[in-house]
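The opening residue of the sequence shown carries number 25 in the numbering used here; numbering runs sequentially from there.
Virtual Cβ for every residue (Gly too), placed ideally from N, Cα, C.
Model, not experiment: these values are computed from the prediction.
Here the structure comes first, spelled out in structure tokens, and everything after it is commentary.
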Amino acid sequence: MIFLFTDYGLQGPYIGQVETVLHQMVPNEKLILLMADAPRNNPKASAYLLSSLVSRIPEGSIVLSVVDPGVGSDEDKPVMLKIDGRWFVGADNGLFDLVARRAKEIEAYEVTWKPEILSNSFHGRDLYAPVCTMIANGYDVSSTAFEWKDIHKWPDDLNEIIYIDHFGNCMTGIRAESLDKQLVLRIDHQDIVNADTFSDVKEGKALWYENSNGLIEIAVNQGTAEETLQLKIGSHILLST
Numbered sequence: 025m026i027f028l029f030t031d032y033g034l035q036g037p038y039i040g041q042v043e044t045v046l047h048q049m050v051p052n053e054k055l056i057l058l059m060a061d062a063p064r065n066n067p068k069a070s071a072y073l074l075s076s077l078v079s080r081i082p083e084g085s086i087v088l089s090v091v092d093p094g095v096g097s098d099e100d101k102p103v104m105l106k107i108d109g110r111w112f113v114g115a116d117n118g119l120f121d122l123v124a125r126r127a128k129e130i131e132a133y134e135v136t137w138k139p140e141i142l143s144n145s146f147h148g149r150d151l152y153a154p155v156c157t158m159i160a161n162g163y164d165v166s167s168t169a170f171e172w173k174d175i176h177k178w179p180d181d182l183n184e185i186i187y188i189d190h191f192g193n194c195m196t197g198i199r200a201e202s203l204d205k206q207l208v209l210r211i212d213h214q215d216i217v218n219a220d221t222f223s224d225v226k227e228g229k230a231l232w233y234e235n236s237n238g239l240i241e242i243a244v245n246q247g248t249a250e251e252t253l254q255l256k257i258g259s260h261i262l263l264s265t
């Protein structure tokens, strides 16, 4: 299986072109759109989000991951990483840092293969998608092994909003297992307490809870946390007892 994790969005031709390349080269491989609206141009926030989704991806799968604001430059090398039995293909810009840090086994390769035609702005279609199909077909990909290093050294848990869904619920980069339920989240002098379900608080009141991917999420019962609390990706969260 090949999973797509990108910030391309569903509007426009981008996802469709990537899927077309994949289907042409591996027509019998199942393609799954894991996420098309990852935090735009934000590998850091996306790294925490991607890490929270990995456990449900079967071993042996390939994850084409593109959140690449530096596309077309020499800023970040193209890589393929085999992490706990799953392949991750994309730019080495921090997007894979949390997945790799939390892994038991990792093999890292810099991709040296280049297609005949390579757009400066669409490596997802021209470079990373073909590499994924080579892996899926069992072909050798021209590459150089290297020792992966956690260069960015981002925190294990990020006390920021990393994603806002269409309900206005706001995911953080904090793993729920790292927090005591008695802790209070504070945003702009407003205290938010834990609840197991939305209905545990009054309508219009905010709560925090463990979401289905194991991250701390902030919501408002029958409302939108994004608007009520004026949150955006990158908004900082304080923890207090």
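With 16 or more neighbouring CB atoms inside 10 Å of its own CB, I186 falls in the buried class. Per DSSP, E43 is one residue of the alpha helix (DSSP H) stretching across Y38 to M49. Of G40, L253 and G118, the smallest CA-CA separation from P179 is found for G118. Apart from the 5 residues on each side of it in sequence, W232 sits with its Cβ closer than 6 Å to the Cβ of L209, I216, N218, I240 and I242 in its chain, given in chain order. Exposed is the label assigned to P37, since fewer than 16 other Cβ atoms lie within 10 Å of its Cβ.
Between F29 and L58 the beta-carbon gap is near 5 Å, inside 8 Å, which marks them as a contact.
Assignment of E250 by DSSP, reduced to helix, strand and coil, places it in the helix class. Cβ neighbours of L263 within its own chain (closer than 8 Å, five residues either side excluded): N183, L203, L207, V208, L209 and R210.
The residue from S145, E131 and E99 with its alpha-carbon nearest to that of D116 is E99.
With respect to the C-alpha of D174, the residue from F191, A124, L34 and V90 having the closest C-alpha is A124. Counting along the chain, A153 sits inside the alpha helix (DSSP H) bounded by residues A153 to N161.
Exclusion of the five residues before and after D181 leaves G197, I198, R199 and S202 as the residues of its chain whose Cβ lies within less than 7 Å of its Cβ. Ranking G84, V90, R126 and A127 by CA distance to the CA of G109 puts G84 first. Taking A62 as reference, the option from T248, H190 and L255 with the minimal CA-CA separation is H190. With respect to the 8 Å criterion, M25 and E53 are classified as neighbours on the basis of their beta carbons. Taking 8 Å as the cut-off, the beta carbon of L105 is found no closer than this to the beta carbon of S75. C156 is positioned such that its CB atom lies closer than 8 Å to that of L46. Scanning its chain for C-beta atoms nearer than 8 Å, with the 5 sequence neighbours on each side dropped, one finds around T168 the residues Y133, E134 and T136, in chain order. Distance from the CA atom of S89 to the CA atom of K138, rounded to whole angstroms, is 18 Å.
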